[in-house]
Amino acid sequence: KAILEVSPSSHVLILTTFGSAADISCALAAGATGAVTKNLSNNDLMKAIRDTRDGIRHVSPEIEQSLKEDSKEIHLTPRQREVLDSITRGLSNDNISTMLGISKSRVKQHLNELYEKIGAANRAEAVSIALRKHLLKL
Numbered sequence: 001k002a003i004l005e006v007s008p009s010s011h012v013l014i015l016t017t018f019g020s021a022a023d024i025s026c027a028l029a030a031g032a033t034g035a036v037t038k039n040l041s042n043n044d045l046m047k048a049i050r051d052t053r054d055g056i057r058h059v060s061p062e063i064e065q066s067l068k069e070d071s072k073e074i075h076l077t078p079r080q081r082e083v084l085d086s087i088t089r090g091l092s093n094d095n096i097s098t099m100l101g102i103s104k105s106r107v108k109q110h111l112n113e114l115y116e117k118i119g120a121a122n123r124a125e126a127v128s129i130a131l132r133k134h135l136l137k138l
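Under the numbering used here, the first residue of the sequence shown carries the number 1, and numbering increases by one thereafter.
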């Protein structure tokens, strides 16, 4: 983004050992023309550089696959979103139960369903994944 602010006509190619798909997605959204991994052959790297120079989007297949997997939409119920928001604010199951007017066992059920949907093992991981996948409104 900073490069394009200084030189709007530039074409940016990200060369990575492979960061998170979210980071690469942000770079592409900010205006990068392409993203490739460092394990490219010399010929493939030269093609990526030429494509980028010509303004043609060039993304390595493994990065493309990761971006597709990362962008799979996760559908949460309104209640699961409320529970997710509550754990993000550090509320306990007791607090969530009182706030939402549901039993503690129902809170636990919503948490377990949430963990399964997003692939989390615990609250901290659920919040981390939710942030990365933009499931939270901050």
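Just so it is clear, CB atoms sit at the ideal spot from N, CA and C, and this is done for glycine as well.
Since we're looking at a predicted model, the values are computed, not measured.
Item                                                                                                        : Value
Outcome for Ser7 when other beta-carbon atoms lying within 10 angstroms are tallied against a minimum of 16 : exposed
DSSP three-state assignment for Thr98, whether helix, strand or coil                                        : helix
Which of helix, strand or coil DSSP assigns to Ile87                                                        : helix
Endpoints, beta strand (DSSP E) assigned at Ile14                                                           : 13-16
Reduced DSSP category for Thr52 - H, G, I as helix; E, B as strand; rest coil                               : helix
Proximity to Asp54 [Cα-Cα], best of Thr16, Val36, Asp23, Ser9                                               : Ser9
Exposure of Ala126, with buried meaning 16 or more beta-carbon neighbours within 10 Å                       : buried
Where His110 falls: helix, strand or coil (DSSP)                                                            : helix
Whether Leu15 touches Lys47 by CB criterion (8 Å)                                                           : no
Own chain residues within Cβ distance below 7 Å of Leu100, not counting five before or after                : Glu82
For Ala120, three-class secondary structure by DSSP                                                         : coil
Cβ contact (3+ pairs, closer than 8 Å) linking the region 100-109 and the region 56-72                      : no
Where Ala35 sits in the DSSP three-state scheme                                                             : strand
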